[in-house]
Structures are given as structure tokens and as C-alpha cells.
Amino acid sequence: MFQKIFFVFFFFLTTVVAGCKAKQTELADGKQLYNIHCSGCHGVKGDGNGPMAKYLFPKPRDLTSGILKYRTTQGPVPADADILQTMKVGVPGTSMPGWDVLKQKDWKNLLAYVKMLSPRLARGSSGKTIDVPEEPKNKTTSAAAGKALYGNAGCVACHGVEGQGDGPAATALKDVWGNPVIPRDLTHGPLKWGNSGRDIYRSLWNGVPGTPMPAYGATFTGTQLWSLVHYIQSVQQKLPEGYDPSNPKRNLIKINSVAGELPDDCSAPAWQNIKSAPVFLKPLWSEKGEVEWVEVKALHNKKEAAFCLSWEDDQVNIGLTMSDAVALQFPVKPITNPVQLPYLGLGNPGNPVDVWLWKPQGAVQLSAVGVGTQRGGRADEQAVTGNGVYQDGRWTVVIKGPLEQRNPKATRFAPVGYLSFALWDADIPKQLGLHSFSEWMIYEMEGTPAK
Ligand code: HEC
Ligand code: HEC
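Read in this note's numbering, the sequence shown has 135 at position 150, and its numbers run on one by one without any break.
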């Protein structure tokens, strides 16, 4: 009997200890990921005051406050699944990148760490799921009713007559952290807090916590809320074909294989049948008229890779100090697990990035281990070329470089690897110069590159 009790007790104790250890490893791994990838914006303590914060608008969230905006439940704090969702897809139209390239285990570790930063998050209850009734079938009639309701319900004061986020009250709005908050232009998707009909319904039902966006769940019926959703969808610009903001495939760039020389010009026949991938950019300082999308096509011929990048820009800027520009960024070290990725903002100490930068004056290759550390290599190590054309309000730029490079600070292409994009739009000058950037994305080479 005693033996049995002892055994049960011992078993209990080892499970508890193992459980605590697992939690500690989760937190330690989460902290490491957080410090590399998140603290630059959210700050080491999570208070939203990282070194990048002064260059960003909207401001990185004070994660210690435990007030999160994306929620599919009615309680004071979001469910774990909701926090994970924002971490995976990011916040469109802001600098908050999505981390879909990481793995399930890494998200769990990050989640554990983020929850630890805020007692409110760790303790609060997420409550019942918001009930979204079935979507009415006749969207046209519903949208017309929604348009009338949008006009009568006071939405116009903040979101503007056309929904562009420019109502008379818009510039005076502040959030609970004391920062100005501007509603994302409802005509431009993807919306910040989910872009599907059900997501928009929930944003209306719950409002956006921490901001002046009211919760309308108790004011309007399900049919009325759906009518507002349909109205918003009817004024929303179409997203590029096939683009789904919450699908990890949004981050995939295929490098197609071709024989022969790679073209220097996006209009060359070699590009004609290549499907372009729309890459959605994250602005540092969000404002009207910014470049939101860059279309990317990629080719390789077993020796070199070429990227055709194109974007709409209503004004061309070719200046000595300020000009339009675009760049590709690659990790230098081979990445076998995405946790090894360098910091998105030009790498971090010990984890360099190789930058292929094109400006109208020409292309350069830079190496960096963090913001402000970027350096050009020796002339004989410069292996990247570029060629850009501005026509009909659109830049098209080809950037080309070898798959294998002699320079030890350069990337070596693998069958599957990582890259990200950055864009400078000199009509909208920024403190850092840089206008916007993409999340870490995955490239896949068609056929294996020759060694
Ligand atoms: C380049 C800056 C930047 C980086 C890097 C960054 N964030 Fe953010 N993050 C933001 C900004 C800006 C917001 C606020 C967006 C808003 O409210 O409009 C935000 C918001 C959030 C939110 C709140 C979401 C909600 O529902 O309200 C969470 C959680 C978060 N970030 C977690 C992370 C984690 C975890 C990482 C690292 C894996 C990270 N962030 C990296 C800029 C950043
Ligand atoms: C007092 C000002 C105010 C009023 C009134 C208001 N909103 Fe908002 N709304 C905001 C702000 C501010 C945000 C953005 C919060 C954020 O994302 O940080 C927002 C966000 C939203 C979003 C989510 C957008 C996204 O990017 O995910 C939707 C949808 C929306 N509002 C629709 C409406 C509709 C429809 C009405 C009227 C029934 C309305 N709002 C009334 C201020 C307001």
C-alpha cells in the first residue's frame, strides 16, 4: 500500500517537475525569439519602446498593457488562438510583420513569452466566442441598406463619407496609450483586424479595444451588422488575384528555371509566362498614397538569379540624396530552421544579411548586422547588377546576382531559402529613408541549382 502511494506521489512529482521544465524551456526559447525578432519595435520589456519605435506609426503595441485589438471572443482578453493569429499574419497596413514562416513550436514559445509580459493577459478570461450569424444571401440589397446605415450611424465622422479613414474627427482620435489612431482606409484591404466577412462582422460587434472604434454588438441586429460588412466590401478595392492575407502561401516566391542568359529587362520574353507574386508591404510610417504592393517574378539559370520587381508610383524621384529604390535582403548563413533567421531590420550581431539594393544610379551589394551597420563590399566583391525603367506611373526593375558568390558576406542560394524586400518612395520622405518592407518570405528554386 505504502509503496503504491509512494509510487503515485513520485509519479505526480516528476510530472509536475517535467511540466515546469517544459514551461521554462518554452519561456526561455520564446524570450530568445522575442529578443531577436520583436524587441527592436516592442522593446525588451515589451512596453512598445524599442529603438525602432520612433520611426514607426502606428506605434508598436505596449504588450505589458495586455490590451489586444484582435479578438474573436467577448471576454476582456483574446483567446490564445487570436494572439497566435495576429503573430502569424501580422497587422496589414502597419509595420507589424507576420511570422508565418516560423513553426508551430516557435509560435507556442513566443505566445508563452508574450503572455508572461502582461499579468492581465496571463490572468484574464477570453470568454465566449462571438456568435456570427449566417451571412445574408442577397449582398446587393444588404450593401444598399448598409450604405444608408453607415451614413446614419455616425461612421462618417471618423471613417469619412467614402470610408477612406478621413472623417472630420479622424485626425483628433487618440488610443488609450495616448497615441493618435487613424482608422485604416476601409476601401483599402486587407483590413487590419481581419479581412474576411466574418472578421469584419466581429470587428463591428466588438469594436477595436484600446481605440475609439465603438462596439456595435448591442446597438445593431445581426442583419444590420452584415449589411455594414457588405457595404464595406462593396467599396473595398480588390486584392491582387489569389492573394489571401491569412494564408502562409502569401509568403512564397518561386524562382523559375530557364535556360540561357537571364534578361536585364522586365519586358523580355523570358518573363512573359512567369506568374508574378504580389508582395504586400509594411510601411514604417503609415500614411495616404503609399506604395502597398510590389509584384515579384523570379528566374534562375543554375548560375544566376534575376528578380523582376514592379510597383505603382505616381511620381518618379531620381535624386542624389533621395531617390526611389528597392532592395532584396537575404540571410548570409544557411538557415536550416527558421528560428535562425536574422532580425528583419538588416540582421543582428552574429547573423548578417546580404542586401541587393537597386537605385536609379545603379545596383550595389551591402552587408549588415543591424540598422545603421550596412557597408558596401570591395569593388571586386560587388556581384549584383540592376536595371530599372519608369513608365506610365510604374517602376519595373530587374536585379540580378550569382547563386554562388566568392564574397564570404554574400548569400548562397539553396533549393529553399529566405528573402525579404524593402522599398524607398522618395515622394514620402522618411526619417530612415526606408519607406516599407516585407515579412520574411520563402523562395523555392525550380530544379536544383548546380553546385
Ligand atoms: C517592425 C516593428 C515590429 C516588429 C518587428 C514586431 N512588431 Fe508587433 N506590432 C508592431 C506594431 C506597429 C503593432 C501595432 C499595430 C496596430 O495596433 O495598429 C504591433 C502589434 C503587436 C501585437 C498586438 C496585436 C493585437 O491584436 O492587438 C502583438 C501581440 C505583437 N505585435 C507581437 C509581436 C511579436 C511576438 C513580434 C516578434 C515575433 C512582433 N510583434 C514584432 C510592430 C512590430
Ligand atoms: C469615434 C470614431 C469611430 C466611429 C464612430 C467608428 N469608427 Fe470604425 N474605427 C475607428 C478607429 C480609430 C479604428 C481603427 C482602430 C485600429 O485599428 O487601430 C476603426 C476600425 C474599424 C474597422 C476595422 C478596420 C480594420 O482595419 O480592421 C471597421 C470595419 C470599422 N471601424 C467600421 C466602422 C463602422 C461601419 C462604423 C459605424 C457603424 C464605425 N467604424 C464607426 C474609429 C471609429
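C-beta atoms are modelled at their ideal positions from N, C-alpha and C, and glycine is treated no differently.
Check: Are the beta-carbon atoms of I238 and V264 separated by less than 9 Å?
Finding: yes
Margin query: Does the region 398 to 411 come into contact with the region 303 to 310, if we say contact requires no fewer than three beta-carbon pairs (one atom in each stretch) closer than 8 Å?
Written below: yes
Margin query: Would R187 and V117 qualify as a contact pair, given that the criterion is a beta-carbon distance under 9 Å?
Written below: yes
Margin query: I'd like the ranges of any alpha helix (DSSP H) spanning at least 4 consecutive residues and lying wholly in the region 92 to 148.
Written below: 104 to 108, 124 to 137, 140 to 144
Checklist line | Cβ pair count under 8 Å reaching 3, the region 389 to 402 against the region 254 to 268 | finding: no
Margin query: Can you give me the C-alpha to C-alpha distance between G28 and R46, rounded to a whole angstrom?
Written below: 10 Å
Next item on the list: Give the range of the alpha helix (DSSP H) segment to which H285 is assigned.
Entry: Counting along the chain, H285 falls outside any alpha helix (DSSP H), though it belongs to the beta strand (DSSP E) covering 278 to 285.
Next item on the list: Whole angstroms is fine: what's the gap from W425's alpha carbon to N236's?
Entry: 7 Å
Next item on the list: Closer than 6 Å by C-beta to G112: which residues in its own chain qualify, once you throw out the five before and the five after it? Chain order, please.
Entry: T58, Q59, G60
Checklist line | Element boundaries [alpha helix (DSSP H), containing Y216] | finding: 207 to 220
Check: DSSP three-state call for L351: helix, strand or coil?
Finding: strand
Check: For R187, which three-state DSSP category applies?
Finding: helix
Notebook entry, point to check: Around the Cβ of D339, are there at least 16 other Cβ atoms within 10 angstroms (buried) or fewer (exposed)?
Noted result: buried
Check: According to DSSP, which residues form a beta bridge with S405?
Finding: Q314
Margin query: In the DSSP output, which residue or residues are listed as bridge partners for Q376?
Written below: R379
Next item on the list: For G83, collect the residues of the same chain with a Cβ closer than 7 Å to its Cβ; drop the 5 residues on either side in sequence, then sort them by chain order.
Entry: K73, V74, G75, E424
Checklist line | Among Q222, L247, N336, W380, the one whose alpha carbon lies nearest that of T370 | finding: L247
Check: Which residues mark the beginning and the end of the beta strand (DSSP E) in which M426 is found?
Finding: 426 to 430
Item checked: The alpha helix (DSSP H) enclosing K73, as first and last residue numbers -> 65 to 74
Check: Under the DSSP definition of a beta bridge, which residues are partnered with T58?
Finding: T114
Margin query: Quick check on the burial criterion: 16 or more other C-beta atoms within 10 angstroms. Buried or exposed for N180?
Written below: buried
Notebook entry, point to check: Excluding the five sequence neighbours on either side, which residues of its own chain have a C-beta within less than 6 Å of the C-beta of L106, listed in chain order?
Noted result: G51, V62, K100
Notebook entry, point to check: Can you tell me whether P316 is buried or exposed, with buried defined as 16 or more other CB within 10 angstroms of its CB?
Noted result: buried
Next item on the list: Report yes if the CB atom of L87 is closer than 9 Å to the CB atom of C140, and no otherwise.
Entry: no
Next item on the list: Can you grab the Cα-Cα spacing for the pair G378 / E277, in whole Å?
Entry: 14 Å
Check: Looking at D410 and ligand 2, is the gap between the Cβ and the nearest heavy atom below 8 Å?
Finding: no
Note to self: Tell me which residues share the same chain as E44 and place their Cβ nearer than 8 Å to its Cβ, disregarding the 5 neighbours each side in the sequence.
What the structure shows: Correcting the residue type first, residue 44 is Lys in the shown sequence and not Glu. Only G33, A38, W162, N164 meet the Cβ criterion.
Item checked: Proximity to D184 [Cα-Cα], best of A155, G195, I217 -> I217
Next item on the list: Could you give the DSSP three-state label for V369: helix, strand or coil?
Entry: coil
Item checked: Three-state secondary structure assigned by DSSP to W84 -> coil
Next item on the list: Please find out if some non-hydrogen atom of ligand 2 comes closer than 8 Å to the beta-carbon of C143.
Entry: yes
Item checked: Rounded C-alpha distance that separates K436 from E389 -> The predicted position of K436 is uncertain, since its pLDDT is 47 and thus under 50; no value can be drawn from it.
Check: Leaving out the 5 sequence neighbours to the left and right, which residues in its chain are closer than 6 Å to F490 when beta-carbon positions are compared?
Finding: In the structure as shown, the chain starts at -14 and stops at 436, and residue 490 therefore has no counterpart that could be examined.
Next item on the list: Give the DSSP-derived three-state secondary structure of I320 in the structure shown.
Entry: coil
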